[in-house]
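Participant:
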Amino acid sequence: MIKFKKVSQDLIEGRTEIPYVQASPVFSKIYKNYKYKFLLESADISRIYGRLSLIGIDPSIKLTEKDKKPKTQALNERGRTQLKGKKPSNLKTFLKEFHIKQKAFIGLYGAFSYDFIRAFEDIEQPLHKNPETDVDDYTLFLYDTFIHFDHLKEKCEIIVYRKTKKEIQETTSKLLKKIKKPSPKTPTTTNAKHPYKIKSPKFTLTKKEYKDLVRTAKTYTKKGELYEVVFSNILKAKFEGDPFALYLKYREINPSPYMFYFDFQQEQLVGASPEMMVRCEDNKVHLRPISGTAKRSKDPIEDHDNMLKLLLDPKEKAELDMLVDLGRNDLSRVCEPGIEISDYRFVEKYSKVMHTITHLTGTLRKDKTALDALISCINAGTLTGTPKIAAMQAIERHEKERRGYYGGTIGYLTLNGDMDTGIIIRTAHIKNGDLRFQVGATLLNASTPSSEYQETLNKAQAFLQTFNANSLSR
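Using our numbering, read the sequence shown as starting at 8 and increasing by one per residue.
See the structure below:
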């Protein structure tokens, strides 16, 4: 039975409850039928995560931008109808023209690259670095067809937004038929019938080269030009097979608050990010900066000792404190006075590492939107350093390649004005048979080159286990 609700003058929401199951098995049944799709999941790492999962399929409109040149494309007849009479010149005007007052899932889902910042800040481009990249500044889709999972209530619903009840009934009926089919055997290992393979993996920087970068960072901080900076290393490899099979293996090894599989048809993002970028709900804006890292141990006593060393380390505390100050400054540009701080240096534990976090909350000003909050906070200080612009300039001077998606943002902006985004870290980007996986460390004057290099390997450890590449970490 479909429950209908009008959410705007020309938009109806239809909800159909179906038997409760987990999200990944449902996605496995339907994902090959659609060019564009996504799966968002959360692991129960802390009290604010783990309750909801969301599948999106068959979007109607695609929005991209590169070098300040936005492009809006209708993907089907629905998209052509939705764009009729509207002429959004950019992302901000699109959200304004399509705005609805009722809370709803319909909205823009996708990714912003690290280089989206160039639309708002002048980041110097060194002559030695190739300015061209095959990653758009953002790739977003207007999704209006979902499967929503509430794991706390053990509830699962098909949610469809259309102009008429008949359209909702037809879409829901077709989707139900696909969901009711027997589950396929989805490959997750290299021994499966249709395996994925990751070949010729290699980090672009050697151990010596990365340690030299750490020394460069220490020079900046010693001179007072930077408080801290994040330099990264790139794992490159060849990829064959099903990217979703890689996602299933990765989520099993490394459960995280922001687990995602986004398929843009020509490229995929497979991620298990621990860190929120910005969340905006009911005019409350949230940041949750993470810094300070320690390795996990299978021995509970050693694991506890590692946690205590993390909490007592003044260098790790300094890393986080600088990012808290940066986050308060970023939020103050779009929020009312009075940023709240909670969960200070709370320890979140993941499969291979643990981190300290702090939660920041502000009230969005009436003249600002969720998109304004995102723009104010990008790129995350945990992936750049502080001061932010100066740190990004240093990254441009010393990293050999553009970052692409690494350090960018993944998530959604709903048409009613809510937003939830994660930072694109612990993420594989697959395109044209090439795979990139990037890791970095927060570097400051107290950093030790060998320890910081080891931290990057610890952060990559879970992903390396998806293809038994532990030898790379030696």
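Virtual Cβ for every residue (Gly too), placed ideally from N, Cα, C.
How many angstroms separate the CA atom of Tyr121 from the CA atom of Met283?
Facilitator: 15 Å
Participant: Identify which residue in Val142, Thr152, Ala469 has its Cα closest to the Cα of Asn113.
Facilitator: Reading the sequence as shown, one finds Ile at residue 113 and not Asn. Of Val142, Thr152, Ala469, the residue nearest in Cα terms is Thr152.
Participant: Using 8 Å as the Cβ pair cut-off and three pairs as the minimum, do the region 117-132 and the region 371-391 touch?
Facilitator: Result yes; three or more Cβ-Cβ pairs closer than 8 Å.
Participant: Just mark His135 as buried or exposed, buried being the case when its beta carbon has 16 or more other beta carbons within 10 Å.
Facilitator: exposed
Participant: For the region 258-277 against the region 222-239, do three or more pairs of beta-carbon atoms, one drawn from each stretch, fall closer than 8 Å, so that the two count as touching?
Facilitator: Flag = no, the region 258-277 and the region 222-239 do not touch.
Participant: Looking only at its own chain, which residues have a Cβ that is under 6 Å from the Cβ of Arg340, when we skip the five neighbours before and after it?
Facilitator: Ser383
Participant: From what residue to what residue does the alpha helix (DSSP H) around Pro264 run?
Facilitator: Note, Pro264: premise wrong, no alpha helix (DSSP H); not H, not E.
Participant: Any idea which residues DSSP pairs Ala435 with across the strands?
Facilitator: Val277, Phe444
Participant: Residues in its own chain within less than 6 Å of Met8 by CB, not counting five upstream and five downstream?
Facilitator: none
Participant: In whole angstroms, what is the alpha-carbon distance linking Lys184 and Lys10?
Facilitator: 19 Å
Participant: Please state the DSSP three-state secondary structure of Gly114.
Facilitator: strand
Participant: With DSSP as the reference, label Leu422 as helix, strand or coil.
Facilitator: coil
Participant: Name the one or two DSSP bridge partners that Ala81 has.
Facilitator: Ile68
Participant: Let me know if Asn475 comes out buried or exposed under the rule of 16 or more other beta-carbons within 10 Å of its beta-carbon.
Facilitator: exposed
Participant: How about Lys322 and Ala453: are their beta carbons less than 8 Å apart?
Facilitator: Lys322 is a Cβ neighbour of Ala453, given a cutoff of 8 Å.
Participant: So the candidates are Arg372, Arg409, Leu233; which of them puts its Cα closest to the Cα of Thr485?
Facilitator: Outside the displayed span of the chain (8 to 481) sits residue 485, for which this structure offers no information.
Participant: Going by DSSP, what residue range makes up the alpha helix (DSSP H) through Ser339?
Facilitator: Under the DSSP assignment, Ser339 falls in the alpha helix (DSSP H) whose first and last residues are 321-339.
Participant: For Asp74, I'd like the list of residues in its chain whose CB is within less than 6 Å of its CB, leaving aside the five on either flank, ordered along the chain.
Facilitator: Cβ neighbours of Asp74 beyond the five flanking positions: none.
Participant: Per the DSSP calculation, Ala380 is bridged to which residue(s)?
Facilitator: According to DSSP, which records beta bridges pairwise, Ala380 is partnered with nothing at all.
Participant: Report the three-state DSSP secondary structure of Glu232 (helix, strand or coil).
Facilitator: Three-state DSSP puts Glu232 in coil, outside helix and strand.
Participant: Going by other Cβ atoms of all chains shown within 10 Å of its Cβ, with 16 needed for buried, is Phe156 buried or exposed?
Facilitator: buried
Participant: Since I believe Ile25 is in contact with Ile186 (beta carbons under 8 Å), could you give me their beta-carbon distance rounded to a whole number of angstroms?
Facilitator: Yes, Ile186 and Ile25 are in contact; Cβ-Cβ is about 7 Å, under 8 Å.
Participant: Quickly, what does DSSP pair Arg22 with across the bridge? List them, please.
Facilitator: In DSSP, Arg22 forms a bridge with Lys10, Ile166.
Participant: Count the other CB atoms, across all protein chains shown, that sit within 10 Å of the CB of Lys316; report buried if there are 16 or more and exposed otherwise.
Facilitator: exposed
Participant: Which of helix, strand or coil does DSSP assign to Asp350?
Facilitator: strand
Participant: Taking its Cβ as the centre, do 16 or more other Cβ atoms sit within 10 Å of Arg295, making it buried, or is it exposed?
Facilitator: buried
Participant: Cα separation between Glu232 and Phe238?
Facilitator: Answer to the nearest angstrom: the Cα atoms are 15 Å apart.
Participant: For the putative contact between Ser349 and Leu327, defined by C-beta atoms under 8 Å, what is the C-beta separation to the nearest angstrom?
Facilitator: Their Cβ separation, rounded to whole angstroms, is 14 Å, which puts Ser349 and Leu327 out of contact at 8 Å.
Participant: Is Leu371 buried or exposed, if buried means 16 or more other CB atoms sit within 10 Å of its CB?
Facilitator: buried
Participant: For His362, count neighbouring Cβ atoms within 10 angstroms of its own Cβ and tell me buried if that reaches 16, exposed if not.
Facilitator: buried
Participant: For the alpha helix (DSSP H) that contains Phe271, what are its first and last residues?
Facilitator: Taken as a continuous stretch (DSSP letters only), Phe271 belongs to no alpha helix (DSSP H), as it is neither H nor E.
Participant: Beta carbon of Phe45, beta carbon of Phe269: below 8 Å?
Facilitator: yes
Participant: What does DSSP give as the partner residue(s) for Val292 in the beta ladder?
Facilitator: Cys287, Gly369
Participant: Hey, how far is the Cα of Asn137 from the Cα of Tyr234?
Facilitator: Cα to Cα, Asn137 sits roughly 28 Å from Tyr234.
Participant: How many angstroms separate the CA atom of Lys214 from the CA atom of Tyr150?
Facilitator: Annotation: Lys214 to Tyr150 spans about 43 Å, alpha carbon to alpha carbon.
Participant: If I measure Cβ to Cβ from Ile107 and keep anything under 7 Å in the same chain, skipping five residues before and after, which residues do I get?
Facilitator: Val14, Ser15, Leu18, Leu422, Asn423
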